[in-house]
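Trainee: Just passing along the structure, written as structure tokens.
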Amino acid sequence: MKKSVRTAASALLAAPLLAAVFAAPAQAAPEDVTLSATTEGKDLIVTITNNSESKISCFTSTAPPISGQSGDLMFLDVSMDVEPGSTDSARVTAEVRGDHTLDWSCDASDGGERWGTFAGTANAFEISFEDRTFGSVNLIVSQLLESIFDS
9 MKKSVRTAAS
19 ALLAAPLLAA
29 VFAAPAQAAP
39 EDVTLSATTE
49 GKDLIVTITN
59 NSESKISCFT
69 STAPPISGQS
79 GDLMFLDVSM
89 DVEPGSTDSA
99 RVTAEVRGDH
109 TLDWSCDASD
119 GGERWGTFAG
129 TANAFEISFE
139 DRTFGSVNLI
149 VSQLLESIFD
159 S
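In this text, residue positions in the sequence shown follow the working numbering: the first is 9, and each later residue adds one.
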């Protein structure tokens, strides 16, 4: 009888400890980390605001890809770390014009929380890079004028 009482008491006391050890990661609040994206000519400007309590590592990816920087599983456009309570921006020049969908992901340095489109806390951005035209000039002259204006 004493053994069964001791076993029951041990199980009762151990339950909260086991629950804490095997608990799922904390749910990320969508407003803790936000991303905004704009285009300026052929440039993509990504701004990430980190209102969480952790340093975060973030990346963006566009479909179709706008740059040739390949990550492990996909093309990455921006990769940056953002300190808690700060905002950081990055600029990338697109090699491909037209309409693109931008997805993003940020992970807390302690591994507890995730934000972005891949984590389900935000929607993807639809972005478009302007196709600069110079009237009825031919393609070679148009590319030459574009390279002059872009430098």
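Ideal Cβ positions, reconstructed from N, Cα and C, are used throughout, including at glycine.
Whose CA, out of K63, A37, L84, A36, lies closest to the CA of P92?
Mentor: Nearest C-alpha to P92: K63.
Trainee: Strictly by DSSP, which residues pair up with I74?
Mentor: In the DSSP output, where bridge partners are listed per residue, I74 has none listed.
Trainee: Going by DSSP in three states, D40 sits in which element: helix, strand or coil?
Mentor: helix
Trainee: Between A36 and R122, is the Cβ-Cβ spacing less than 8 angstroms?
Mentor: yes
Trainee: To the nearest angstrom, report how far apart S44 and M88 are at their CA atoms.
Mentor: 14 angstroms
Trainee: Where does the unbroken beta strand (DSSP E) through N58 begin, and where does it stop?
Mentor: 51 to 58
Trainee: Taking 6 angstroms as the limit between beta carbons, can you name the residues of its chain near C66, skipping five residues before and five after?
Mentor: Excluding residues within five positions, the ones whose Cβ falls inside 6 angstroms are I56, M88, C114.
Trainee: Rounded to whole angstroms, how far is the Cβ of V100 from the Cβ of V86, which I believe are closer than 8 angstroms?
Mentor: 6 angstroms
Trainee: Could you name the residues that DSSP lists as bridge partners for T177?
Mentor: Here the chain covers residues 9 to 159 and nothing more, so residue 177 does not appear.
Trainee: Would a C-beta distance cut-off of 8 angstroms place D111 and T129 closer than the cut-off?
Mentor: It is not a contact, given that the beta carbons lie outside the stated cut-off.
Trainee: Which residue wins for smallest C-alpha separation from S136, given the options D118, A116, I156, A102?
Mentor: A102
Trainee: To the nearest angstrom, how far is it from the Cα of G106 to the Cα of E48?
Mentor: Here the alpha carbon of G106 sits roughly 13 angstroms from the alpha carbon of E48.
Trainee: I need the boundaries of the beta strand (DSSP E) containing T95, first residue and last residue.
Mentor: 94 to 101
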